[in-house]
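Written below as structure tokens is the structure these notes are about.
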Amino acid sequence: MSASLEPKISRTSSVDEKQDNVLFKSKIQKLIQSKDNNNLYRLLKKNKKSRTSYKQLKYEGIIYKIGQNLCIKADRRIDYVAKLIKIIKLVDNDDEIYPLIKVQWYYRKFELEKIPKPYMDYISENEVFKTNEYDYIEIESIVSLASILTYEEFDQLETMNDTTYFMRAAYINGTFQPPIEEWTTTCICQKPPNPDLKYIQCEACQGWCHLNCLKLTKEKAKKILKFICPKCQQ
Numbered sequence: 001m002s003a004s005l006e007p008k009i010s011r012t013s014s015v016d017e018k019q020d021n022v023l024f025k026s027k028i029q030k031l032i033q034s035k036d037n038n039n040l041y042r043l044l045k046k047n048k049k050s051r052t053s054y055k056q057l058k059y060e061g062i063i064y065k066i067g068q069n070l071c072i073k074a075d076r077r078i079d080y081v082a083k084l085i086k087i088i089k090l091v092d093n094d095d096e097i098y099p100l101i102k103v104q105w106y107y108r109k110f111e112l113e114k115i116p117k118p119y120m121d122y123i124s125e126n127e128v129f130k131t132n133e134y135d136y137i138e139i140e141s142i143v144s145l146a147s148i149l150t151y152e153e154f155d156q157l158e159t160m161n162d163t164t165y166f167m168r169a170a171y172i173n174g175t176f177q178p179p180i181e182e183w184t185t186t187c188i189c190q191k192p193p194n195p196d197l198k199y200i201q202c203e204a205c206q207g208w209c210h211l212n213c214l215k216l217t218k219e220k221a222k223k224i225l226k227f228i229c230p231k232c233q234q
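Letter by letter, the sequence shown follows residues 1 to 234 of UniProt numbering.
This is the structure we're talking about:
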């Protein structure tokens, strides 16, 4: 009896496996189409052929290494910025490969939410804030390497490009760390410096003042041979 039933059990099992695999592949495709890479990673990471231990990758002729900062494609002209945390090769039951990278996000000015407008005036378009947010994204999202400097290093640059940024705080769970109130300040207004704004340097104290705070235009500032700030004039 068991011998006569064995082929039937085998055929049924084979059909079930094929159906399961079809459903599994369908689930993978839906995750890919919706760009739900976090759940794609959770689904395939247990496959023994999947690997998460690569130290570097080569994409469009450029080598990217763990720990480097990246410019990432956005749905707008401005790129996102992220740190490369992991390089991953996911493999399904049919040995199809799905390469991904894990990144830690930096926020840029346009991504900050619920920040009072006066605070936004202190933040540069070239400024980034490290977050505690991570995602799995496609390798094809990489635009280029990014360079992240301190504010002091950035302020000394004579030339820069669109991939150069600076960082002076983190943005964790919607809060600046350290808070803006603790950032270094400048000018007679004693507000955090923003390199996007125009300044003039005092010949006496070497401090910088906003042209707006002095009610000076760029044209008028250029004509001043020796500027002395209001504090030093007292």
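Glycine included, each C-beta is placed from N, C-alpha and C at the ideal position.
Query, Result
"Exposure label - residue 19; buried when at least 16 CB within 10 Å", "exposed"
"Under the three-state DSSP convention, the category residue 199 falls into", "strand"
"Environment of residue 187 [buried if 16+ CB atoms lie within 10 Å]", "buried"
"8 Å Cβ cutoff met for residue 137 and residue 59", "no"
"Run of the beta strand (DSSP E) containing residue 133, from where it starts to where it stops", "128-138"
"Sequence-distant residues of the same chain with beta carbon closer than 7 Å to residue 235, five excluded per side", "Coverage of the chain is limited to positions 1 through 234, which leaves residue 235 absent and any answer about it impossible."
"4-residue-minimum alpha helix (DSSP H) runs that sit fully inside the UniProt domain \"BAH\" (62-182), ordered along the chain", "117-120 and 151-155"
"Those residues which DSSP pairs with residue 209 across a bridge", "200"
"Endpoints, the alpha helix (DSSP H) within which residue 44 is located", "37-44"
"Neighbourhood of residue 49 by C-beta distance below 6 Å, restricted to the same chain and skipping five residues each side", "91"
"Proximity of residue 163 and residue 147 at Cβ, strictly below 8 Å", "yes"
"Residues that residue 58 bridges to, as DSSP identifies them", "63"
"Beta carbon of residue 81 nearer than 8 Å to that of residue 106", "yes"
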